[in-house]
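In our numbering, the protein residues as written are 1324 to 1569.
Please read the structure below before turning to the comments.
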């Protein structure tokens, strides 16, 4: 009887242990299922959808940028080429010039008494002034006034027609003051040349120098120089230039 009772107690203990093991396993399984059911929004369907949308947006922006570039920056360059050439021509303004050193001689005679002119060559009232004035004269073509209306381009034949204004003096004659020579002969009642009179004579000399520059063909040389320089300029760009003046 005691042995039978011990076996019964042992079997009851085993059943309790097995029941506890099953409950623990069930609890662990329940906990595992509960933990695995926690939502992970960063790696779920929502995250994939966001990535897909961002990819599509980036693709659309890139496509729009490429379309804009090819639409506005890779079309015909005819107008752009003309503008670039005009800017280049304007920068050549100082190259299309001709320079000459012109010397003019001014001789003046008059009769004055007490600083008033008289019509009679009374002894001692006469004064003779001789002024030798050298000056540098610059002539050229005003290339800065050129616009796209003055340029006609033939892309097929690689020719360009250019209309330029006629040559003119770029600036007033530059008198070499250190080389000006003055000779005067005064009568008894006359004084030497004063500063204000000297400036008046210099102004007359400038006017004479301008006339002389035209007489020696300085403006024609300036136009020839402009044609030569611009022809070489356009030749480097692959164009044959036909230049006329108007």
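Glycine residues also receive a C-beta, built at the ideal position from the N, C-alpha and C atoms.
Keep in mind that this is a model prediction, so the values were computed, not measured.
Counting along the chain, the unbroken beta strand (DSSP E) around residue 1426 starts and ends at 1420–1436. In the assembly as shown, residue 1427 is a buried residue. Its beta-carbon has 16 or more other beta-carbons within 10 Å. Per DSSP, residue 1477 is one residue of the beta strand (DSSP E) stretching across 1474–1477.
DSSP places residue 1495 outside both helix and strand once states are collapsed to three, so it counts as coil. In the three-state scheme derived from DSSP, where H, G and I count as helix and E and B as strand, residue 1506 is classed as strand. For residue 1461, the beta-bridge partners assigned by DSSP are 1422. Looking only at 1447, 1482, 1500, the smallest Cα-Cα distance to residue 1557 is reached by 1482.
In the three-state scheme derived from DSSP, where H, G and I count as helix and E and B as strand, residue 1551 is classed as helix. For residue 1485, the enclosing beta strand (DSSP E) stretches over residues 1482–1487. Short of 6 angstroms from the beta carbon of residue 1496, and not among the five residues preceding or following it, lie these beta carbons of its own chain, in chain order: 1458, 1460, 1529, 1532. DSSP places residue 1566 in the uninterrupted beta strand (DSSP E) bounded by 1563–1568. The C-alpha of residue 1474 lies about 6 angstroms from the C-alpha of residue 1484. Counting only residues of its own chain and dropping the five nearest sequence neighbours on each side, residue 1543 has a CB closer than 8 angstroms to the CB of 1490.
Residue state for residue 1524 is assigned as helix, using DSSP reduced to three classes. Residue nearest to residue 1548 within the set 1568, 1560, 1456, 1538 is 1568 (criterion: CA-CA distance).
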